[in-house]
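Numbering of the sequence shown is given in my numbering, commencing with residue 1103 and proceeding in unit increments.
What follows is a single structure, written as structure tokens, with notes after it.
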Amino acid sequence: MSPETPISKTKLCPTCGTRLAENASRCSVCGSEFSVEPKLQKAVQGSRMPEITLSLPLALGLITIILIIGAGAVFFGLRTTGRVTEPTAIPTLTLTPTTTPTATETLIPTETPTPTQLPPIDYTIRSGDTCYSIAALFNVSASSIILANNLSVTCTDLFIGKTLKIPQPTPTPLPAATATLEPAAATRAACQTVSYTVQENDTLSSISLNYNVSMTAIKEWNGLSTDNVYLNQPLVIPLCMRAATPGPSPTPTPPPPYPAANLLLPVDGAPFTLANDTVTLQWASVGTLRENEVYMLTVVDVTAGTGRKLVQYVIDTKFIVPVTFRPQDNLPHSMRWWVVTVRQTGTDDQGNPIWTTAGASSVMRVFTWSGTAPAATQTP
1103 MSPETPISKT
1113 KLCPTCGTRL
1123 AENASRCSVC
1133 GSEFSVEPKL
1143 QKAVQGSRMP
1153 EITLSLPLAL
1163 GLITIILIIG
1173 AGAVFFGLRT
1183 TGRVTEPTAI
1193 PTLTLTPTTT
1203 PTATETLIPT
1213 ETPTPTQLPP
1223 IDYTIRSGDT
1233 CYSIAALFNV
1243 SASSIILANN
1253 LSVTCTDLFI
1263 GKTLKIPQPT
1273 PTPLPAATAT
1283 LEPAAATRAA
1293 CQTVSYTVQE
1303 NDTLSSISLN
1313 YNVSMTAIKE
1323 WNGLSTDNVY
1333 LNQPLVIPLC
1343 MRAATPGPSP
1353 TPTPPPPYPA
1363 ANLLLPVDGA
1373 PFTLANDTVT
1383 LQWASVGTLR
1393 ENEVYMLTVV
1403 DVTAGTGRKL
1413 VQYVIDTKFI
1423 VPVTFRPQDN
1433 LPHSMRWWVV
1443 TVRQTGTDDQ
1453 GNPIWTTAGA
1463 SSVMRVFTWS
1473 GTAPAATQTP
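Written out as structure tokens, the structure is:
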């Protein structure tokens, strides 16, 4: 093998581009001269410590991580020593509540001590008293009476003779006067109600009659402004607003029974002949009769034995037996008669009055009444 010839270093002419030797000072083609640049010699440097360069964000991140790790180490170190709780106690800043003269704000209820020092007044319930009338009498609120005596919200458990504790008037119950609307709300809450859905052909009037609750009450409880209702409309029926049934109330209070009538004329056993076309019966009054009360007079022909009798209802204390009741034969007939007070309590299907006894029956008397004259017997 032939030895390799060393490659000489060359450079190019910046003017014509001719390749020249590295140390040529002038171009052999175009004649341009080259300026020789002196070689820079490397500066001699002493030994140095190694350097690490970091960007600013990375440096900040590393610092943050180091601080977090340090803080965590300190926290866990203090926690293991049990000293963490002591610094929490250091917030004696809670002593700032020593400015709890806010407790002096509780002096606002100084209004309550002055009235509560007064003893309550004893009051005995009388007829017609209610919580509200008693409250108005003593110038206190009804709610204070209810609370002081442990009464029901509706205050319906009062009875005559019961003693109530009436608290003295205080300034604090004055706002409670605004609570005078509460009893209405309380009675509404205490009222028994039933839900009803309007059916076909229903009217407010028919619903009112069905539950015996006034139409006005139903409208008020349901916020209705008219009497119109629609199918499937939900309604609340307040049963506590049912109308009272006054019908039966008069019957439980009938007047006392009347005494027996005292018969005056005719005397017992008095005879009446052909000369008497009529017989007048008289008796004493038992008192002032009411509009639906009369005397019932009964006359029975005992001799006839056929149940022949005369019954009359009169308001006077006398009655004239008509001549039509005179016997039709020539025998004297015994007539028994008596009087009793009766009261009309209704009418039957034919419209005739229904009478009930309103007093004791009188004693029975008898009179005789002769009919036609006996026929004359012929002499032989």
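Backbone N, C-alpha and C fix where the C-beta goes; we use that ideal spot for every residue, glycine too.
Ranges of the alpha helix (DSSP H) found wholly within the region 1155-1186, counting only runs of at least 4:
Segments of the alpha helix (DSSP H) lying fully in the region 1155-1186: 1158-1183.
Restricting to Cα atoms, I'd like to know which of L1156, F1421, L1366, P1222 is closest to I1397.
According to the sequence as given, residue 1397 is Tyr; it is not Ile. Of the candidates L1156, F1421, L1366, P1222, the one whose C-alpha sits nearest the C-alpha of Y1397 is F1421.
Would the beta-carbon of T1258 fall within 7 Å of that of T1226?
For T1258 and T1226, no; Cβs fall outside 7 Å.
Pick out whichever of A1244, P1269, F1177 has its Cα sitting closest to the Cα of P1222.
With distances taken between Cα atoms, P1222 lies closest to P1269.
Closer than 7 Å by C-beta to I1339: which residues in its own chain qualify, once you throw out the five before and the five after it? Chain order, please.
T1295, V1296, Y1298, Y1313, V1315, I1320, listed in sequence order.
What residue range does the alpha helix (DSSP H) around A1244 cover?
A1244 -> alpha helix (DSSP H) spans 1244-1251.
Does the separation of the CB atoms of V1401 and W1457 fall below 7 Å?
Between V1401 and W1457, the C-beta gap is not smaller than 7 Å, which leaves the two residues out of contact.
Are the beta-carbon atoms belonging to S1243 and A1237 less than 7 Å from one another?
A1237 sits close to S1243, with the two beta carbons spaced by under 7 Å.
Going by DSSP, which residues form a beta bridge with T1400?
DSSP, once it has assigned bridges, lists V1413, W1440 as partnering T1400.
If contacts are defined as beta-carbon pairs under 8 Å, then V1388 and F1469 qualify, I think. What distance do you get, rounded to the angstrom?
With 8 Å as the limit, V1388 and F1469 do not qualify as a contact, their Cβ atoms being about 22 Å apart.
Please state if the CB of A1462 and the CB of A1362 are separated by a distance shorter than 7 Å.
The beta carbons of A1362 and A1462 sit closer together than 7 Å.
Give me the Cα-Cα distance between L1260 and R1290, rounded to the nearest whole angstrom.
Cα atoms of L1260 and R1290: separation of roughly 20 Å, rounded to the nearest angstrom.
Grab me the residues of I1167's own chain with a C-beta within less than 6 Å of its C-beta, minus the 5 sequence neighbours each way, in chain order.
Cβ contact annotation for I1167 (same chain, cutoff 6 Å, sequence separation greater than five): none.
I'd like to confirm the pairing. Which residues does DSSP put opposite F1427 in its beta bridges?
Per DSSP, F1427 has no beta-bridge partner at all.
For D1329 versus L1306, is the C-beta distance shorter than 7 Å?
Between D1329 and L1306, the gap from beta carbon to beta carbon is short of 7 Å.
Between P1429 and W1471, which are expected to be in contact by the criterion C-beta below 8 Å, what is the C-beta distance as a whole number of angstroms?
That pair is a contact at about 6 Å.
Have a look at P1359 and M1343 and give me their C-alpha separation to the nearest angstrom.
P1359 and M1343: Cα-Cα distance of roughly 37 Å.
Checking 7 Å against the spacing of the C-beta atoms, do H1435 and T1408 come in under that value?
No, the Cβ-Cβ distance between H1435 and T1408 is not below 7 Å.
Grab the span of the alpha helix (DSSP H) containing I1236 for me, first residue to last.
For I1236, the enclosing alpha helix (DSSP H) covers residues 1233-1240.
Unbroken alpha helix (DSSP H) run spanning I1320, endpoints:
Residues 1317-1324.
L1114, buried or exposed, once every other Cβ within 10 Å from all chains shown has been counted against 16
L1114 is classed as exposed because its beta carbon has fewer than 16 other beta carbons within 10 Å across all chains shown.
Kindly indicate which residue of A1250, Y1234, L1399 has the alpha-carbon position closest to the one of D1224.
When C-alpha distances from D1224 are compared across A1250, Y1234, L1399, the shortest belongs to A1250.
C-alpha distance - L1164 paired with I1171, whole-angstrom precision
Taking the straight line joining both Cα atoms gives about 11 Å.
Look at the alpha carbon of N1061 and the alpha carbon of G1371, and state the distance between them as a whole number of angstroms.
Shown here, the chain extends from 1103 to 1482; a query on residue 1061 therefore has no answer.
Within 10 angstroms of its Cβ, does V1331 collect 16 or more other Cβ (buried), or is it exposed?
It counts as buried.
Please classify I1247: is it buried, with 16 or more other beta-carbons within 10 angstroms of its beta-carbon, or exposed?
Here I1247 is buried, its C-beta having at least 16 other C-beta atoms within 10 Å.
Where D1450 falls, given that 16 or more other Cβ within 10 Å makes a residue buried:
D1450 comes out exposed.
Who does F1136 pair with in a DSSP beta bridge?
DSSP output for F1136 lists no bridge partner at all.
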